[in-house]
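Take a look at the structure below.
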Amino acid sequence: MPRSAASRPLSQAKLKTLERAAKAAADHSYSPYSEFRVGAAILTASGETFSGCNVENASYGLCNCAERTAIFTAAAAGHRQIRCVVVYTPTTKATAPCGACRQVIYEFGPTARVVSVCDSKDRLDTDINALLPGAFGPADLA
1 MPRSAASRPL SQAKLKTLER AAKAAADHSY SPYSEFRVGA AILTASGETF
51 SGCNVENASY GLCNCAERTA IFTAAAAGHR QIRCVVVYTP TTKATAPCGA
101 CRQVIYEFGP TARVVSVCDS KDRLDTDINA LLPGAFGPAD LA
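Residues 1 to 142 in UniProt numbering are what the sequence shown spells out, letter by letter.
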């Protein structure tokens with residue numbers, strides 16, 4: 001049985017490219033309240049890369065995380081499947097995506113690889129099913 005696009009392994013070069021894109025996206029963060037600049041880069045099933053940063057708002061509930069910004073940008077460009085999400089945080093310990101981001105990642109990449117990197121050598125390299133076990137998704141609505 002052929003592997004899905006999401007389950008094909010990524011080359012180290014491609015992963016490094018995504019890591020650089022995620023870190024660069026953090027430079028565009030709008031985070032005047034928390035000053036916690038986060039960047040994300042995603043790889044779509046067709047091989048395109050999209051990045052995003054967190055965007056805060058004085059009404060905190062209206063903030064948007066970097067992961068969702070990247071995914072929504074890809075969706076706005078017509079992409080519906082993602083293979084990998086790389087998240088950069090300016091910390092010494094890798095930070096996993098929040099619950100809302102995990103749900104959105106699952107929606108567009110139910111087998112997506114999730115990699116979190118930071119300012120140290122610490123990293124998290126897993127998949128969305130490990131981060132969101134028993135996820136609710138489109139198949140549950142059928």
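Glycine residues also receive a C-beta, built at the ideal position from the N, C-alpha and C atoms.
Given the structure is predicted, the values throughout are model-derived calculations rather than measurements.
*Go ahead and pull the three-state DSSP assignment for residue 101.*
Your numbering for residue 101 matches position 101 in the sequence shown. Helix.
_For a test of the three-state rule: what should DSSP assign to residue 61, helix, strand or coil?_
Here residue 61 refers to the residue found at position 61 when the sequence shown is read from its first residue. Residue 61 falls in the helix class under three-state DSSP.
*Tell me residue 84's beta-bridge partners as DSSP assigns them.*
Position 84 of the sequence shown holds residue 84. Paired residue(s): 43 and 113.
*Exposed or buried, what is residue 127 when buried is set at 16 or more other beta-carbons lying within 10 Å of its beta-carbon?*
For the purposes of this step, residue 127 is taken as the residue at position 127 of the sequence shown. Residue 127 should be labelled buried.
_residue 83 and residue 113 closer than 8 Å at C-beta_ = Walking along the sequence shown from the start, residue 83 turns up at place 83. Walking along the sequence shown from the start, residue 113 turns up at place 113. In contact: residue 83 and residue 113 (Cβ atoms closer than 8 Å).
*Is the Cβ-Cβ distance between residue 95 and residue 116 less than 8 Å?*
One-based indexing of the sequence shown puts residue 95 at position 95. One-based indexing of the sequence shown puts residue 116 at position 116. A contact, by the Cβ cut-off of 8 Å.
*Can you check whether the CB of residue 26 is closer than 8 Å to the CB of residue 39?*
Residue mapping note: residue 39 aligns to position 39 of the sequence shown, counting from 1. Residue mapping note: residue 26 aligns to position 26 of the sequence shown, counting from 1. Yes, the pair counts as a contact, with Cβ atoms nearer than the cut-off.
*Is the beta carbon of residue 90 sitting closer than 8 Å to the one on residue 20?*
Reading the sequence shown from its first residue, position 90 is the one you call residue 90. Reading the sequence shown from its first residue, position 20 is the one you call residue 20. No, Cβ-Cβ distance for residue 90 and residue 20 is not below 8 Å.
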